[in-house]
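In what follows, a structure is listed as structure tokens, so that the remarks can point back to it.
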Amino acid sequence: MGKTKIFRVENGRMLFKCHMCQGKRMVTIAPGVRTRSLRCSKCGESTRCIFNRRQTPRESQCGTVLLQTSDGRELIVDLTDISPKGVGFDLSIRDINKLTVGRDVQLKCTWNPQLLSHGRYIVRSMKGQRVGVERHT
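Numbering (the numbering used here), first residue to last: 37 to 173.
Structure representation (structure tokens):
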């Protein structure tokens, strides 16, 4: 398997560019698809693609972070991405029922305190174990 790259999806389409031969082609991406492996039609190299449909850039990030709820619960979550407006993370199966959409939370990153130093966040989406929170201004 080749590299993993993030590609921007606009109107259900993205410009795939091979990291080996620089070959380009337009690819249609179905709604809801977050990752997919694509093979270059010129050199045959396979690339793992992560699709970004957001208007603002999203940076992939990984590591464990401490999440504190407004009622004092502390949960360990796996950070997946950061954007200027929020954070995405995966929640363990045993903790899914401890969070709800609209809830106020705080995130603390022990390995890089500056990474999430913005204080409060609000849970905006939950799909399975995947959670998206928005910075509260």
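Ideal placement from N, C-alpha and C gives every residue a C-beta, glycine not left out.
None of these values were measured; they are calculated from a predicted model.
Check                                                                                                              : Outcome
Beta strand (DSSP E) runs contained entirely in the segment 80-118, provided each spans 3 or more residues         : 82-88, 95-105
Close-in-space but distant-in-sequence residues of the same chain around Thr-71 (CB under 6 Å, 5 per side omitted) : Ile-86
Whether Ile-42 touches Ser-77 by CB criterion (9 Å)                                                                : no
Endpoints, the beta strand (DSSP E) within which Met-162 is located                                                : 156-163
Whole-Å CB distance - Lys-134 paired with Leu-111, under 8 Å assumed                                               : 6 Å
Straight-line Cα distance separating Gly-99 from Val-141                                                           : 18 Å
Whole-angstrom distance between Met-50 and Lys-163, CA atom to CA atom                                             : 24 Å
DSSP state of Ile-132 mapped onto helix, strand, coil                                                              : helix
Asn-148 versus Val-101, Pro-67, Ser-161, residue with shortest Cα-Cα distance                                      : Val-101
Distance, Ile-132 Cα to Ser-161 Cα                                                                                 : 12 Å
For Gly-48, the residue or residues it bridges with in DSSP                                                        : DSSP lists no partner for Gly-48.
Inter-residue Cα distance where the pair is Arg-44 and Asn-88                                                      : 5 Å
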